[in-house]
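Visitor:
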Amino acid sequence: MDSLKTLKIARNGYIIIALAICALGIVLLVNPDCPMEILCEALGILFVADGIIKIIGYFSKDFYCLAFQYDLAFGILMAAVGLLVLIRGESWSRLLFSVLGLVILADALFRIQMSLDAKKFGLDLWWRILLIAILTGVFGMILLINPYDGTGITMSLMGVAVLLDGLLNLCVAVYTIKILDQFSGPYGQYHEEMPE
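Heads up: the sequence shown begins at 59 in my numbering, then just goes up one per residue.
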């Protein structure tokens, strides 16, 4: 598979996973009484899928090298956590809020650093990623502390944190992943493909 196809798979996968994460966040906000076993299955599947996409993205040829720069290790971690949640979801139910909070906080911290790198690249919208990453990190920290001990309020907070994490990943995919066709023109300038 050539690098352009790999990058397209990674970018489109990033967008699809981000939208699915947003949808899960909305479901948790609308229905905070969601059964824990369904929540564990949904999170486990999303974590595994997200991990695979991150690993694919790391090995793709992204022009800015921003979105995927930390994604090999983080992708392996996400896939491993997803498998553990799927296999041992029942016994992890008490730890789920803390585990999810830690994952969301780590993702937010990586994105804060990435947004500052995007500023150095001259990307105009770097500050949007930074603001959403900071807000996502705050909610990830709240989940990690879990002050409400698994009540409906915690589920609503989880919904907000998951929704923000999905929006953060969507912003990263849209603003920082650039797909460039092969060399074009007599001097070999890159030609940027228009978003599909």
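Just so you know, even glycine gets a beta-carbon here, dropped at the ideal spot from N, CA and C.
From a predicted model like this one, the values you see are computed outputs, not experimental measurements.
(1) Please confirm whether Thr234 and Leu201 have their CB atoms less than 8 Å apart.
(2) Given this structure, state the Cα-to-Cα distance separating Thr212 from Asn204, to the nearest angstrom.
(3) Give me the Cα-Cα distance between Val85 and Ile75, rounded to the nearest whole angstrom.
(4) In the DSSP assignment, the alpha helix (DSSP H) including Leu69 goes from what residue to what residue?
(5) Would you call Ser173 buried or exposed, if buried means 16 or more other Cβ atoms sit within 10 Å of its Cβ?
(6) In whole angstroms, what is the alpha-carbon distance linking Met221 and Ile162?
(7) Near Trp150, what residues of its chain come up, given a Cβ to Cβ distance below 8 Å and the 5 sequence neighbours on each side ignored?
(8) Return helix, strand or coil for Val157, following the three-state DSSP convention.
(9) What three-state label does DSSP hand Gln171 in the structure shown?
(10) In chain order, what residues of the same chain lie with their CB nearer than 6 Å to the CB of Pro90, ignoring the 5 residues before and after it?
(11) Taking 8 Å as the threshold, find out whether the region 63–70 comes into contact with the region 118–133 through three or more Cβ pairs.
(12) Just the Cα atoms here: how many angstroms apart are Tyr72 and Gly147?
(13) Comparing C-alpha positions only, which one of Phe197, Leu82, Arg152 sits nearest to Asp165?
(14) Taking the Cβ atom as the reference point for each residue, do Gly83 and Gly195 lie within a distance shorter than 8 Å?
(15) Do you know how far the Cα of Leu193 is from the Cα of Asn137?
(16) Could you give the C-beta distance for Met216 and Phe155, rounded to a whole number, given that I count them as a contact under 8 Å?
(17) Of the residues Ala191, Val218, Leu135, Glu95, which one's Cα is nearest the Cα of Asp108?
(18) Can you name, in chain order, every residue of its own chain whose Cβ lies under 6 Å from the Cβ of Ala125, other than the five neighbours on each side?
(19) Which residue comes first and which comes last in the alpha helix (DSSP H) that contains Ala125?
Guide: For this structure:
(1) no
(2) 7 Å
(3) Between Val85 and Ile75, the C-alpha separation is close to 15 Å.
(4) Correcting the residue identity first, residue 69 is Arg in this sequence and not Leu. Here the alpha helix (DSSP H) through Arg69 covers 61–88.
(5) Looking at its Cβ environment, which holds 16 or more other Cβ atoms inside 10 Å, Ser173 is buried.
(6) The sequence given here places Leu at residue 221; Met does not occur at that position. Approximately 11 Å between the Cα atoms of the pair.
(7) If the five residues before and after Trp150 are omitted, its C-beta is found closer than 8 Å to the C-beta atoms of Cys98, Leu142, Val143, Val157, all from its own chain and listed in chain order.
(8) helix
(9) helix
(10) Close CB contacts of Pro90 within its chain, under the 6 Å cut and outside five residues either way in sequence, are with Gly210, Met213, Ser214 (chain order).
(11) In short, these stretches touch, since the Cβ pair count reaches three.
(12) 25 Å
(13) Ranked by Cα distance from Asp165, the first of Phe197, Leu82, Arg152 is Phe197.
(14) no
(15) In the sequence under discussion, the amino acid at residue 137 is Ala, which differs from the Asn named in the question. When rounded, the distance between both Cα atoms is 24 Å.
(16) 6 Å
(17) Leu135
(18) Val230, Thr234, Ile235
(19) Unbroken run through Ala125: none, as it is neither H nor E.
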